[in-house]
Amino acid sequence: MFTKNKFQYCIHNHERLELHELQKEYQKDKAGTKLKYESQLFCPGCYKVDLVINEKKGKIYLSSHPKSPHGDGCEYSLESASKIELKEYYEKIDADLAEQLLNRILEEKVPRVIQPRSFNSLQNNNEVSDVKFVLENKIGIRKYLPRRSCS
């Protein structure tokens, strides 16, 4: 079974907003939080897709608005790689690429202000992301490498 990439954070006012921070705010005031962030949360991969706050069993998650397509090359539009594909991928990578992957994950955990991007810089960013977090399986289908929240 394949899943879509899960949003562990989003973009709000050009800044990174972690899902766990949003969860804390949501627990204090559900209706107020939904209203505050309505049409204000965006995909961290392409900055195009409007994200919506959903709740299931007391926990929130973010999903993309159905009529809001991801930008070309956005990793959040891809399906998750299967366990077998992940195992094959990780067995093939060298130490340098493994270190780059780990560094990118650590960089994502550091809070920083996200600068507004032009269309060209989005394309360049997606090219970098493809190298690090997207694999192509044996039959040529691109899939993302799932990341899990550290919090």
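First residue of the sequence shown: 35, per the working numbering; consecutive thereafter.
No residue lacks a Cβ here, since even glycine has one placed at the ideal position from N, Cα and C.
Residue span of the beta strand (DSSP E) that contains tyrosine 95, given as start and end: Taking the sequence shown and counting its residues from 1, one reaches residue 95 at position 61. Residue range 93-98 is occupied by the beta strand (DSSP E) that includes tyrosine 95.
Aspartate 84 in three-state terms, based on DSSP: Mapped onto the sequence shown, residue 84 falls at position 50. Reduced to three states, the DSSP call for aspartate 84 is strand.
Nearest-angstrom Cβ-Cβ length linking histidine 104 and serine 97, presumed shorter than 8 Å: On the sequence shown, position 70 is the one that residue 104 refers to. On the sequence shown, position 63 is the one that residue 97 refers to. Their Cβ separation, rounded to whole angstroms, is 12 Å, which puts histidine 104 and serine 97 out of contact at 8 Å.
Boundaries (first-last residue) of the alpha helix (DSSP H) holding histidine 54: Residue numbering aside, residue 54 sits at position 20 when the sequence shown is read from its first letter. Counting along the chain, the alpha helix (DSSP H) containing histidine 54 begins and ends at 53-62.
Element boundaries [alpha helix (DSSP H), containing leucine 120]: In the sequence shown, counting from the first residue as 1, residue 120 sits at position 86. 117-126 is the extent of the alpha helix (DSSP H) around leucine 120.
Pairwise C-alpha distance: tyrosine 81 and arginine 50: Position 16 of the sequence shown holds residue 50. Position 47 of the sequence shown holds residue 81. Approximately 11 Å between the Cα atoms of the pair.
Minimum C-alpha distance to tyrosine 123 - residue among Ile45, Gly107, Val168 and Phe41: The residue given as residue 123 occupies position 89 in the sequence shown. Comparing Cα-Cα distances from tyrosine 123 to each of Ile45, Gly107, Val168 and Phe41, the minimum goes to Val168.
Buried versus exposed call for glutamate 170 [16 or more other C-beta atoms within 10 Å across all chains shown]: Looking up residue 170 in the sequence shown gives position 136. Glutamate 170 should be labelled exposed.
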